[in-house]
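Written below as structure tokens is the structure these notes are about.
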Amino acid sequence: MPGSELFGVEERKEVNDVLETGILFRYNHDVPRKGHWKTREFENQLAQFNGVKHALACSSGSTAVAIAMAACGVGLGDEVIVPPFTYIATVEGALLAGALPVFAEIDETLCISPEGLKKAITPKTKAIVLVHMCGSMAKIEEIMQICEAHNITIIEDTAQGLGASYKGKPAGTFGKVGTFSFDFFKIITCGEGGAMITNDTNLYHRADQFSDHGHDHIGDNRGAEGHPLIGFNYRLGEMNAAVGVAQMRKIDYILAQQRKNKKILHDTLAKFPEITFRHIPDPNGDAATFMDFFLPNEELTRKAVKALIEEGVPALTGVQYWYDNNFHYIKNWEHLRNLTSAAPIYANIVETPQDYNNYKEYLPITENLMARLISFVVKVAWTDEQIKELTTKITNAFEKVLTKEMV
Ligand SMILES: Cc1ncc(COP(=O)(O)O)c(C=O)c1O
28 MPGSELFGVE
38 ERKEVNDVLE
48 TGILFRYNHD
58 VPRKGHWKTR
68 EFENQLAQFN
78 GVKHALACSS
88 GSTAVAIAMA
98 ACGVGLGDEV
108 IVPPFTYIAT
118 VEGALLAGAL
128 PVFAEIDETL
138 CISPEGLKKA
148 ITPKTKAIVL
158 VHMCGSMAKI
168 EEIMQICEAH
178 NITIIEDTAQ
188 GLGASYKGKP
198 AGTFGKVGTF
208 SFDFFKIITC
218 GEGGAMITND
228 TNLYHRADQF
238 SDHGHDHIGD
248 NRGAEGHPLI
258 GFNYRLGEMN
268 AAVGVAQMRK
278 IDYILAQQRK
288 NKKILHDTLA
298 KFPEITFRHI
308 PDPNGDAATF
318 MDFFLPNEEL
328 TRKAVKALIE
338 EGVPALTGVQ
348 YWYDNNFHYI
358 KNWEHLRNLT
368 SAAPIYANIV
378 ETPQDYNNYK
388 EYLPITENLM
398 ARLISFVVKV
408 AWTDEQIKEL
418 TTKITNAFEK
428 VLTKEMV
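Be aware that the sequence shown starts at 28, since it is given in our numbering, and climbs by one per residue.
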């Protein structure tokens, strides 16, 4: 949780600016806000950092996906290709738009693979939500070629990838839009918040209007604005944006620290020949939020997780066994596989493009990878002593498990 590790005086100062004026709303109120436009400032920082024309802040990474769907014209009758390893919001975003998710295989990048994408395409495919999982990118060049050939819109869910890049180009700038999350667990946080970035000015205006009940945001009188389209309220508040402004100023420091600390974890794990690493197409573009690695089989992976817990590693960092984790892998999304919801619209879906409960049949590669994957959360504020303790505990755990296996 790098951003939240660094919450301090800078964040308090930005929030106090807002509290002193009392203008918690992002639009209008030009005089009493005394020059404080925190959401606008945050958007400018995001656009500049990613080298794009437009950034639109919104209330969460989930609503950013929903806005992206609407702005890209994804809706009823469409299919959207999604990964089975993501946060569930990616899939909910497609369903909320009225489209049906089609799950595609991932590969050792932990993102949708070019081969998986090809297999998932049907005549109804409108878009792919390409999730750059755990701070690093998919095989973007091959994926872009396939999408161009099939006229598929790329929405990059970069919720976990702010600061990642491929050959110097930031994650989230390859497709039509990129979306981000700034919830409490992300590389920078607003508490809750999200954003969408794009170079397409028309798309940006549609997204901007959709995110605020269709308001066209022309002029300084909200009551007199036009409403070219139907939307909803996905706005970000000034208090959350104020935290984001302070956090964005720390992004370069966060990335540098993560990369330094991840290398130490990598070198510790690399001493064990049984351990292999997640494939990163451009290692220089790794945001390094997670240290992801594979063991040879599920049994050994479960033993390793147990040994890491027994050694006390979770007191120093997160040990993620995503395969069992409730919200990141299709195995544990029973409600979603059965389209069970408070909203009756899902019950009216009579036919899905895949039998979501039979995912093991069409996602064998993903199943195999997920059962063998462990991730450590890379922290920013570890002291030298903490890193030493952590690497010792990790080494102890793997020596037990892997030595036992070899006997
Ligand atoms: C890949 C991905 N997409 C979307 C989201 C949703 O973001 P939020 O929690 O801000 O709604 C997350 C959050 O974990 C995520 O990891």
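Ideal Cβ placement from N, Cα and C applies to all residues, glycine included.
I'd like the span of the alpha helix (DSSP H) that includes residue i, first residue to last.
{"i": "E378", "result": "Element bounds for E378: n/a, residue is neither H nor E."}
{"i": "K405", "result": "With the sequence shown as reference, residue 405 is identified as Val, and Lys is not the correct amino acid for it. First-last for V405: undefined, no H or E at that position."}
{"i": "D44", "result": "36-48"}
{"i": "E183", "result": "That residue, E183, is in no alpha helix (DSSP H); its beta strand (DSSP E) goes 180-184."}
So the beta strand (DSSP E) residue i belongs to, where does it begin and stop?
{"i": "V156", "result": "152-158"}
{"i": "I436", "result": "Lying outside 28 to 434, the shown extent of the chain, residue 436 is not represented and no answer is given."}
{"i": "V204", "result": "204-208"}
{"i": "M171", "result": "First-last for M171: 167-177, but that is the alpha helix (DSSP H), not the beta strand (DSSP E)."}
Would you check whether ligand 1 has a heavy atom nearer than 7 Å to the C-beta of residue i?
{"i": "A95", "result": "no"}
{"i": "Q187", "result": "yes"}
{"i": "D319", "result": "no"}
{"i": "A165", "result": "no"}
{"i": "Y114", "result": "yes"}
{"i": "D184", "result": "yes"}
{"i": "D235", "result": "no"}
{"i": "G218", "result": "no"}
{"i": "K78", "result": "Before going further, note that residue 78 is Gly rather than Lys in the sequence given. Checking the Cβ of G78 against ligand 1 gives no."}
{"i": "D92", "result": "Checking the sequence, you will find Val at residue 92 rather than Asp. Yes, the beta carbon of V92 sits closer than 7 Å to at least one heavy atom of ligand 1."}
{"i": "T418", "result": "no"}
{"i": "S87", "result": "yes"}
{"i": "G345", "result": "no"}
{"i": "V332", "result": "no"}
{"i": "T208", "result": "One point to set straight first is that residue 208 is Ser, not Thr, in the sequence displayed. Yes."}
{"i": "G162", "result": "no"}
{"i": "T117", "result": "yes"}
{"i": "V158", "result": "yes"}
{"i": "G205", "result": "no"}
Taking C-beta to C-beta, are residue i and residue j nearer than 8 Å?
{"i": "R305", "j": "D294", "result": "no"}
{"i": "F112", "j": "M160", "result": "yes"}
{"i": "L83", "j": "A198", "result": "no"}
{"i": "I245", "j": "T206", "result": "no"}
{"i": "Q443", "j": "G30", "result": "Residue 443 lies beyond the stretch modelled for the chain, which goes from 28 to 434, so this question has no answer here."}
{"i": "A126", "j": "E106", "result": "yes"}
{"i": "A334", "j": "V404", "result": "no"}
{"i": "A91", "j": "A251", "result": "no"}
{"i": "V204", "j": "I224", "result": "yes"}
{"i": "I170", "j": "P141", "result": "yes"}
{"i": "F299", "j": "F425", "result": "yes"}
{"i": "L263", "j": "C85", "result": "yes"}
{"i": "V332", "j": "I376", "result": "no"}
Exercise for the section: Answer yes if the stretch 259-277 comes into contact with the stretch 202-220, meaning at least three C-beta pairs across the two stretches below 8 Å, and no otherwise. Expected result: The stretch 202-220 vs the stretch 259-277: in contact.
Problem - Length-filtered (4 minimum) alpha helix (DSSP H) runs lying within the stretch 60-128 - result: Counting whole runs of 4 or more residues, the stretch 60-128 contains the alpha helix (DSSP H) stretches 65-77, 88-98, 116-123.
Problem - Unbroken stretches of the beta strand (DSSP E), 3 residues or longer, contained in the stretch 211-285 - result: As far as the stretch 211-285 is concerned, its whole beta strand (DSSP E) runs of at least 3 residues are 221-225.
Practice task
Check whether the stretch 226-242 touches the stretch 88-103, counting contact only when three or more Cβ pairs, one atom from each stretch, lie closer than 8 Å.
Solution key: At 8 Å Cβ cutoff, the stretches touch.
Practice task
Check whether the stretch 64-81 touches the stretch 339-356, counting contact only when three or more Cβ pairs, one atom from each stretch, lie closer than 8 Å.
Solution key: As far as the Cβ criterion goes, the stretch 64-81 does not touch the stretch 339-356, which means the pair count is below three.
Exercise for the section: Say whether the stretch 128-144 touches the stretch 388-398, bearing in mind that this needs 3 or more beta-carbon pairs closer than 8 Å, one atom from each stretch. Expected result: Verdict: yes, contact present.
Exercise for the section: Tell me the start and end of each unbroken alpha helix (DSSP H) in the stretch 308-387 that is at least 4 residues and wholly inside, in chain order. Expected result: Counting only runs of 4+ residues, the alpha helix (DSSP H) found wholly inside the stretch 308-387 occupies 325-338, 361-364, in chain order.
Practice task
Check whether the stretch 37-48 touches the stretch 59-68, counting contact only when three or more Cβ pairs, one atom from each stretch, lie closer than 8 Å.
Solution key: The answer is yes - the stretch 59-68 touches the stretch 37-48, with three or more Cβ pairs under 8 Å.
Problem - Cβ contact (3+ pairs, closer than 8 Å) linking the stretch 176-191 and the stretch 141-157 - result: Taking a contact to require three or more Cβ pairs closer than 8 Å, the stretch 176-191 and the stretch 141-157 qualify as touching.
Handout entry: Segment contact, 8 Å Cβ cut-off, at least three pairs: the stretch 311-318 with the stretch 281-291
Key = Flag = yes, the stretch 311-318 and the stretch 281-291 touch.
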